Amino acid sequence: MAVTIRRLEGPDELESFDCGDEPLNNYLKRHAWTNQEKSSIGVTYVAIEESLPRIVLGYFTLATSSIPRDGLPKKHVRGLPPYDLPLVLLARLAVDRRFCGKGLGHALISEALKITLRVADEVGCRCVITDAYRDKVDWYARYGFIPIEGAAEIGPQKMFLDVRTLRAALQRR
Ligand SMILES: CC(C)(COP(=O)(O)OP(=O)(O)OC[C@H]1O[C@@H](n2cnc3c(N)ncnc32)[C@H](O)[C@@H]1OP(=O)(O)O)[C@@H](O)C(=O)NCCC(=O)NCCS
Numbered sequence: 161m162a163v164t165i166r167r168l169e170g171p172d173e174l175e176s177f178d179c180g181d182e183p184l185n186n187y188l189k190r191h192a193w194t195n196q197e198k199s200s201i202g203v204t205y206v207a208i209e210e211s212l213p214r215i216v217l218g219y220f221t222l223a224t225s226s227i228p229r230d231g232l233p234k235k236h237v238r239g240l241p242p243y244d245l246p247l248v249l250l251a252r253l254a255v256d257r258r259f260c261g262k263g264l265g266h267a268l269i270s271e272a273l274k275i276t277l278r279v280a281d282e283v284g285c286r287c288v289i290t291d292a293y294r295d296k297v298d299w300y301a302r303y304g305f306i307p308i309e310g311a312a313e314i315g316p317q318k319m320f321l322d323v324r325t326l327r328a329a330l331q332r333r
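First residue of the sequence shown? That's 161 in my numbering, and the numbers climb one at a time after it.
Pasting the structure below:
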């Protein structure tokens, strides 16, 4: 598959998208465009196949946020001032179930992490955070995300990835 990842555009076809999770389907169909274009509270990136350039195969949404310094493990905040730490929030990520297992999830998260590094270079941000479904924790861990201790035991698991870890991984390539 020749896949491109780009910003969500108005004419994109969203109604057929089905990742098997209603809140994630609903976000893309009902809120992603407004949040991006009108409210400026989240930018959505979509994976499309070149031969069907309006059909969304997968997406992720990024926003900025912050976390109290004590919200991250001590070894990741040593030496930092007692401010809330700026971060990139990976607010949503999903692949249409008809296209799962073909590397789209990998392509999407890799792009989200590249964008995070660019943001960190331009405006400063310490980490990327996501609220992972419990059954996806191992999937995010493959990319270096670490569960944040003390997060709620039910519902999503908050996970973070330090920007310094990301930079180091990029330099090793
Ligand atoms: C999680 C998700 C994005 C993965 O997308 P994908 O396109 O299937 O992922 P990829 O093809 O890049 O990767 C598949 C690999 O991840 C592994 N994998 C899939 N689900 C996994 C899980 N829950 N835990 C650990 N590994 C998992 C597969 O075994 C496969 O491994 P391999 O590369 O060694 O063969 C997709 O399953 C999805 O959208 N699910 C529904 C929505 C969702 O739950 N989003 C996450 C919200 S927190």
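For each residue, glycine too, the CB sits at the ideal point set by N, CA and C.
It should be emphasised that the depicted structure is a prediction, and the values quoted were computed from it without experimental measurement.
Proximity to residue i [Cα-Cα], best of the options
i: residue 318; options: 327, 305 and 213; result: 305
i: residue 200; options: 207, 280 and 191; result: 191
i: residue 329; options: 202, 266, 273 and 253; result: 273
i: residue 297; options: 235, 320, 277 and 212; result: 320
DSSP three-state assignment for residue i, whether helix, strand or coil
i: residue 188; result: helix
i: residue 219; result: strand
i: residue 205; result: strand
i: residue 288; result: strand
i: residue 318; result: strand
i: residue 199; result: coil
Proximity below 8 angstroms, CB of residue i to CB of residue j
i: residue 264; j: residue 255; result: yes
i: residue 292; j: residue 303; result: no
i: residue 246; j: residue 202; result: no
i: residue 268; j: residue 315; result: no
i: residue 275; j: residue 326; result: no
i: residue 216; j: residue 172; result: yes
N-terminal and C-terminal residue of the alpha helix (DSSP H) that residue i is part of
i: residue 301; result: 297–301
i: residue 308; result: Neither: residue 308 is in no alpha helix (DSSP H) and is coded neither H nor E.
Residue burial classification, residue i (beta-carbon count within 10 angstroms, cutoff 16)
i: residue 186; result: exposed
i: residue 331; result: exposed
i: residue 310; result: exposed
i: residue 280; result: buried
i: residue 240; result: exposed
i: residue 348; result: Nothing can be reported for residue 348, as the shown portion of the chain is limited to 161 through 333.
i: residue 251; result: buried
Endpoints, beta strand (DSSP E) assigned at residue i
i: residue 324; result: It is not in any beta strand (DSSP E) - residue 324 instead sits in the alpha helix (DSSP H) that spans 323–332.
i: residue 255; result: 245–255
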